[in-house]
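Everything in the sequence shown is counted per the UniProt record's numbering, starting at 1 for the first residue and increasing by one.
In this text, a Cβ means the ideal position worked out from N, Cα and C, and glycines have one as well.
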Amino acid sequence: MAHVTQKREYRDDYPEKTLYIPGPTEVREDVIEAMCEPMFGHRMDQMTDLYTTIVEDTKTFLGTDNDVIVLTGSGTEFMESSVLNLVDENVLVTTCGSFSERQANVAERLGKNVDTLEYDWGEAVKPEDVREHLEATDGEYDAVTCVMNESSTGVRNPIEDIGDVLKEYPDTRFVVDAVSALGGDYVDIDAHGIDVIFTSVQKAFAMPPGLAVCVVSDDAYDQEVESDSASWYGGFQRSLDYYDRKGQTHSTPAIPVMLAYRQQMKHMLDETHEARDQRHREMAEYTRDWAREHFAMFPEDGYESQTVACIENTQDIDVAATIEQVSEEYDMVFSNGYGSQLGERTFRIGHMGEHDLDSIKRLTDAIEDVAGL
Ligand SMILES: Cc1ncc(COP(=O)(O)O)c(C=O)c1O
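This is the structure we're talking about:
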């Protein structure tokens, strides 16, 4: 195969930039420092102490009685393994943007029968449409999937109401990709029958990348055990049984990132799930008001994300040049729109993780200055 990419030497002199992209996001200094410990083995007692601490703290933070897996990899691992573990035949994938479309693509590549319930980019998935679709198909699905927060369009889907619809279908598991939302947008996982919900830690958990978190219901575990096939690496059973027997992970994990996780989870427990939600709501409301004053919001009214603002470029500013200049002059980085479809038509501000109102205001001031708003 002919390769066009050549080595570009990594240097030691990059200017520090504050991240307002939809992940990775800013990480606290003490969380970065927590990674600098002498290495230990993944079968030592120290590992059991570390892994059981982060798993149990995550359950406490999320307020769930379901099981938690923290696996080395990123959220995409669970996009794939949840389909492998739960779907013998049919899966319904709701799509309304790039990441939900990726979920459909993943399931197709795994050879499953994939039906899609499709919405235009910018629209949200509606629980009544899911109900109607399930009624029309006699609920023949092993699983239904939904993205909580479509980071490509800034849409927050009503996963709680969709979960409530799915309660009427006890043989269908509800799988939620919460990659850019969990930890910054409150969700009562158990109350809404969410069987599988996963995230990547570099988003609203505000940790360095390298780990994925998945919360798994007993029904999902049982369905995997009864299914014809399951993922080896991302199998719920393998991870959860190993946890029960040894309090460790089945394969060698990214130990330094787990050390960072432990430290950041202390901050998250101190703040609480509810207070993090409130802080993120304030940042989202401020960003939305600012966007409506100068531009417009891209998502359908009432379904705007609490962690990623996708702003429609109604002033026709040069998005790429503005991002570049804000980065040069203010050392702050925000995002263009997603992919070729939304690249210049929108831009995105990640107001997630450890940011607060003041830090978001610093960015919007910088954009106003550079774009002459
Ligand atoms: C909603 C959503 N799903 C999945 C992903 C993929 O996450 P990762 O690259 O951490 O696997 C992303 C990344 O931005 C996302 O926003």
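Rounded to the nearest whole angstrom, the C-alpha separation of Arg156 and Asn149 is 5 angstroms. When secondary structure is reduced to three states using DSSP, Glu140 falls in the coil class, being assigned neither helix nor strand.
In this structure, the alpha-carbon of Thr94 lies about 39 angstroms from that of Gln6. The Cβ atoms of Val179 and Val68 lie no closer than 9 angstroms to each other.
Judged by DSSP in its simplified three-state form, Leu110 adopts coil rather than helix or strand.
Placement of the Cβ of Val147 at a distance of less than 8 angstroms from at least one heavy atom of ligand 1 is found. By the Cβ test, the region 352 to 371 is not in contact with the region 43 to 57, since fewer than three Cβ pairs between them sit closer than 8 angstroms.
CA-CA distance, Gly247 to Arg292, rounds to 49 angstroms. For Val179, the shortest separation between its Cβ and any heavy atom of ligand 1 lies below 8 angstroms. Placement of the Cβ of Gln341 at a distance of 8 angstroms or more from every heavy atom of ligand 1 is found. When beta bridges are read from the DSSP output, Ile311 appears opposite Met297 and Phe347.
In its chain, beyond the 5 residues on either side, Val114 have a beta carbon closer than 8 angstroms to the beta carbon of Glu108.
The beta carbon of Ser200 sits closer than 8 angstroms to at least one heavy atom of ligand 1.
Ligand 1 has no heavy atom closer than 8 angstroms to the beta-carbon of Gly154. In the DSSP assignment, Thr95 forms a beta bridge with Glu118. In this structure, the C-beta of Lys167 stays at least 8 angstroms away from each heavy atom of ligand 1.
The C-beta of Gly302 has fewer than 16 other C-beta atoms within 10 Å across all chains shown, which makes the residue exposed.
Taking C-alpha positions only, Asp331 is separated from Thr18 by approximately 6 angstroms. Ile197 and Ala34 have their C-alpha atoms spaced approximately 27 angstroms apart. Bridge pairing for Asp67: Val216 [DSSP]. Residues of the same chain with a CB within less than 7 angstroms of the CB of Tyr242, apart from the 5 flanking positions on each side, are Gln248, Thr249 and His250 in chain order. Between ligand 1 and the CB of Ser217, the shortest heavy atom gap is not smaller than 8 angstroms.
Boundaries of the beta strand (DSSP E) harbouring Ile197: Val196 to Ser200, taken from the DSSP string.
Contact between Gln306 and Arg276 does not hold, since the beta-carbon distance rounds to 10 angstroms and is not under 8 angstroms. Relative to ligand 1, the beta carbon of Pro208 is positioned no closer than 8 angstroms to any heavy atom. Every unbroken stretch of the beta strand (DSSP E) spanning 3 or more residues and falling wholly within the region 15 to 94 is given here in chain order: 67 to 72. By the Cβ neighbour-count rule, Ala104 is buried, with 16 or more other Cβ atoms within 10 Å of its own.
By alpha-carbon distance to Met258, the top candidate from Arg173, Gln278, Gln341 and Gln202 is Gln202.
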